[in-house]
Ligand code: UD1
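Residue numbers (the numbering used here): 836 to 1203.
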């Protein structure tokens, strides 16, 4: 008698999901007799440089289903994803839905799967900033509450889930899947021509990324931050690959737009390999991203995080990350410390070893 294959749907939507899904789908495809995986892309991110470029560079084939939901307010975007996903799940009835990280697509897929009584797995579970003003924190809490399999990337996730009363048998400490992509692609990224394209020498520039609504949506806040970063750029050139959300904010403010020049260089968003090359050769990174705090920790590049908190505390307690908030004098102080040769050195947290996707698939093969 033929044994039916387990139908697993991976739901992705925005840039930080793609490097988490790529190693998992590759690993799932090694078990064609037992598992039939499908990739559903909600279309939350749709620009070539935020989406298709990542699929191509990470070696993923075209998504099996593309929903094309696009941008909108949180309620509109989440609702559109839910409406579309419900049709897909009802038609094809997966045995398991896998979601990643903390974006609106993650939340929408979790709610739809749970209401259809489909088993739900969350990759990057248990992270908490304890700051409900971040939309991602709401997405994390709801997704974890609904998940049947919770795959944890760092030790804080274990204690957070335990404190929330999640039964231990649902929780699996598997490590950081985004580091799988980094490990697999670091060598390839050395072929990127980004440094020569930008006429940069290794270690002689810093990198900036900024896209959190709290930092960029309000022009006064954005100006205060960028003005202080422009001052740091007098000491070392800073390269700023700019997220579309931030670009919109910059275009609205003449004051901010005037701060860019050859020292503080505004460039288009980069693909995965160019960005990996750029950050891995940099002197330090200034960011408000979650994933970049983790990548710099793995690479042991000093990271100055322009937020008041982090949901990834191991990057601070173990890694090379320093949380400085958005106070200009603290940011300038942190940058000066790195430039004076007193950068924080870190180690790599437990199970950030490039084998997380294998550990997840072993668990999924046992899961009934
Ligand atoms: C989303 C995630 C955030 C993640 C970030 C990574 C949520 C709540 N937020 O934020 O956690 O860190 O992605 O990039 O899910 N836009 C484009 N082209 C695109 C996509 C967006 O121009 O392909 C512009 C639109 O103006 C849009 C804005 O960016 O309104 C914001 O996009 P959205 O997906 O809502 O949130 P992000 O800020 O990208």
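The C-beta atom is built at its ideal place from N, Cα and C for all residues, glycine as well. Since the structure is predicted, the reported quantities are computational estimates derived from the model, not experimental observations.
Taking the Cα of residue 1053 as reference, the smallest distance to any Cα among 1025, 1083, 1040, 1043 is reached at 1083.
Residue 918 sits exposed, since fewer than 16 C-beta atoms from the chains shown fall within 10 Å of its C-beta.
Ranked by Cα distance from residue 857, the options 1202, 1136, 1189 are led by 1189. Taking 4 residues as the shortest admissible run, the region 992 to 1075 contains the following complete alpha helix (DSSP H) segments, listed from N- to C-terminal end: 1012 to 1024, 1029 to 1032, 1048 to 1051, 1054 to 1067. Only residues of its own chain outside the window of five on either side were considered, and among them 958, 960, 1007, 1009, 1195 have a CB closer than 6 angstroms to the CB of residue 986, listed in chain order.
Taking the Cβ of residue 876 as the reference point, every heavy atom of the ligand UD1 lies at 7 angstroms or farther away. For residue 1119, the enclosing beta strand (DSSP E) has its first and last residue at 1119 to 1122. In the three-state scheme derived from DSSP, where H, G and I count as helix and E and B as strand, residue 909 is classed as helix. The region 995 to 1003 makes no contact with the region 1022 to 1034: fewer than 3 CB pairs, one atom from each, lie closer than 8 angstroms. Of 907, 1123, 1193, 860, the smallest CA-CA separation from residue 895 is found for 860.
Residue side-chain check: residue 1194 keeps its Cβ at 7 angstroms or more from all non-hydrogen atoms of the ligand UD1. Look at the beta carbons and you see the region 1010 to 1020 not touching the region 1040 to 1051: under three pairs across the two are nearer than 8 angstroms. Per DSSP, residue 1156 is one residue of the beta strand (DSSP E) stretching across 1156 to 1158.
Short of 7 angstroms from the beta carbon of residue 1081, and not among the five residues preceding or following it, lie these beta carbons of its own chain, in chain order: 1045, 1046, 1051. For residue 1110, the enclosing alpha helix (DSSP H) starts and ends at 1107 to 1115.
Assignment of residue 1169 by DSSP, reduced to helix, strand and coil, places it in the helix class.
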